[in-house]
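Just so you know, UniProt numbering puts the end of the sequence shown at 290, numbered straight through with nothing missing.
Positions of the beta carbon are idealized from the N, C-alpha and C atoms, including for glycine.
Owing to the predicted nature of the structure, the values given are computational and were not obtained by experimental measurement.
This report refers to the structure that appears directly beneath it.
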Amino acid sequence: MKKHIKTLQLSHLEKMHHLQNEVLIFPIAQLLSKINVNKHFRNRFYTLLLYKEAGGTVIIDDQLYELRNDSLFFLNYNQVYYFNPTSAPEGFAVLFTKSFYNYIYTGNKLIKSDTAMAEMPQMIDLSASSVAEFWQNFYIIRKEYGSNRMFAKEMICMQLKILILRCIRASKITKEPGLPADHKKEVVTKFSELVNHFYKELKTTAPYAEKLNITPNYLNALIKQHLALSAGQFIKNRVILEAERLLLHTNLSVTEISYELGFTDNSHFGKYFKSVTKKSPKIYRIENKI
Numbered sequence: 001m002k003k004h005i006k007t008l009q010l011s012h013l014e015k016m017h018h019l020q021n022e023v024l025i026f027p028i029a030q031l032l033s034k035i036n037v038n039k040h041f042r043n044r045f046y047t048l049l050l051y052k053e054a055g056g057t058v059i060i061d062d063q064l065y066e067l068r069n070d071s072l073f074f075l076n077y078n079q080v081y082y083f084n085p086t087s088a089p090e091g092f093a094v095l096f097t098k099s100f101y102n103y104i105y106t107g108n109k110l111i112k113s114d115t116a117m118a119e120m121p122q123m124i125d126l127s128a129s130s131v132a133e134f135w136q137n138f139y140i141i142r143k144e145y146g147s148n149r150m151f152a153k154e155m156i157c158m159q160l161k162i163l164i165l166r167c168i169r170a171s172k173i174t175k176e177p178g179l180p181a182d183h184k185k186e187v188v189t190k191f192s193e194l195v196n197h198f199y200k201e202l203k204t205t206a207p208y209a210e211k212l213n214i215t216p217n218y219l220n221a222l223i224k225q226h227l228a229l230s231a232g233q234f235i236k237n238r239v240i241l242e243a244e245r246l247l248l249h250t251n252l253s254v255t256e257i258s259y260e261l262g263f264t265d266n267s268h269f270g271k272y273f274k275s276v277t278k279k280s281p282k283i284y285r286i287e288n289k290i
């Protein structure tokens, strides 16, 4: 039987709440009961999971994480994951869309979804001193979610922003405070968004430069300056990430994955993949199979 990655929308999980297409909140145990934990999923929304008690593992893309007490996990759009719990979890999940997170724009570009989520750690072990602060945010979000009071949507949105900032702070990721967003950084951000959207069809720098109305050389210089790699390598890394997801989380053949990623020649895909991973797709799958 073919094993595929199931794509989830918020509407697949809840039909009755008035914010069902924007934000959902569940006990983690209830969320896991709504999905088949034996399947691999890809979300079209952000996910925060705050565990009070946990056991087992979760695989996110190609990384294995232990589910531990007092931990927090973040799933970005399109990441592929697979839960293997060994005990009943206690905690809460907040699922929300990019548009909901950006519903209130503060004017600070460091807090916008594309900037803030790029800084988000995949997993945080919460310190004893910070656990109460995280749960305070979750409790407020849950209380507002369960009410029809004035400004409930706005309150949830603001608390989410506070929660994301707490996550970034707790992960000890440092960034120059108040650094003004300039045009160059906006171009880099837009390039990243375009690659995420077109990586299957466009695998060279020139088409992206054309979409951004700049020259390929200038685009390459910007990417090297801000990301410390070439634009071409950035594109290739995104293609390889998706290839690894499909190799690990589905049983599609290498040929099928090749076509899925926009390659017309299976041997070209094999060389492309090996140029980054130093392994053929087949060997990579054998050595890393979940």
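- Of the residues V131, A29 and K161, the one whose Cα lies closest to the Cα of K112 is K161.
- Spanning the alpha carbons of E260 and S127 requires a straight line of approximately 42 Å.
- R245 is not a Cβ neighbour of D114, given a cutoff of 8 Å.
- In the same chain as E66, and ignoring 5 residues on each side of it, the C-beta atoms closer than 7 Å to its own belong to T57, in chain order.
- Judged by their CB atoms, T204 and N220 are not nearer to each other than the 8 Å cut-off.
- Runs of the alpha helix (DSSP H) spanning 4 or more residues and lying entirely within the region 124-169 occur at 131-145, in chain order.
- Going by DSSP, E119 is part of no beta strand (DSSP E) at all; its letter is neither H nor E.
- Contact check between the region 41-53 and the region 3-14: three or more CB pairs, one atom from each, fall below 8 Å, which counts as touching.
- Contact check for D125 and R68: beta-carbon distance about 7 Å, within the 8 Å limit, so the pair qualifies.
- DSSP lists no bridge partner for K271.
- For P216, the enclosing alpha helix (DSSP H) covers residues P216 to L227.
- Boundaries for F263: no alpha helix (DSSP H) harbours it, and the DSSP string shows neither H nor E there.
- In the displayed model, E90 falls within a strand according to three-state DSSP.
- When the beta-carbon positions are compared, Q136 and F73 stay at least 8 Å from each other.
- With contacts defined by Cβ atoms closer than 8 Å, K279 and V254 do not form a contacting pair.
- For K52, the three-state secondary structure derived from DSSP is strand.
- Counting only the Cα atoms, V37 lies some 38 Å from A228.
- Contact check for F134 and L194: beta-carbon distance about 34 Å, past the 8 Å limit, so the pair fails to qualify.
- In terms of Cα proximity to P89, the closest of L19, S275, L31 and N108 is L31.
- Judged by beta-carbon spacing, A116 lies within the 8 Å limit of I164, meaning their Cβ atoms are closer than that value.
- Within a 10 Å sphere around the beta-carbon of D70 sit 16 or more other beta-carbons, which makes this residue buried.
- With 16 or more other Cβ atoms inside 10 Å of its own Cβ, S258 counts as buried.
- The alpha-carbon of I140 is positioned some 20 Å away from that of Y105.
- Per the coordinates, the alpha-carbon of V131 lies some 16 Å from the alpha-carbon of R142.
- Nearest neighbour of M158 by Cα position, chosen from F100, Q233 and I240, turns out to be F100.
- With a threshold of 16 other beta carbon atoms within 10 Å, F151 falls short and is exposed.
- Around the C-beta of R285, 16 or more other C-beta atoms lie within 10 Å, and the residue is accordingly described as buried.
- In this structure, the alpha-carbon of F191 lies about 40 Å from that of R149.
- Judged by their CB atoms, H268 and V80 are not nearer to each other than the 8 Å cut-off.
- In its chain, beyond the 5 residues on either side, L32, V37, G55, G56 and L67 have a beta carbon closer than 7 Å to the beta carbon of P85.
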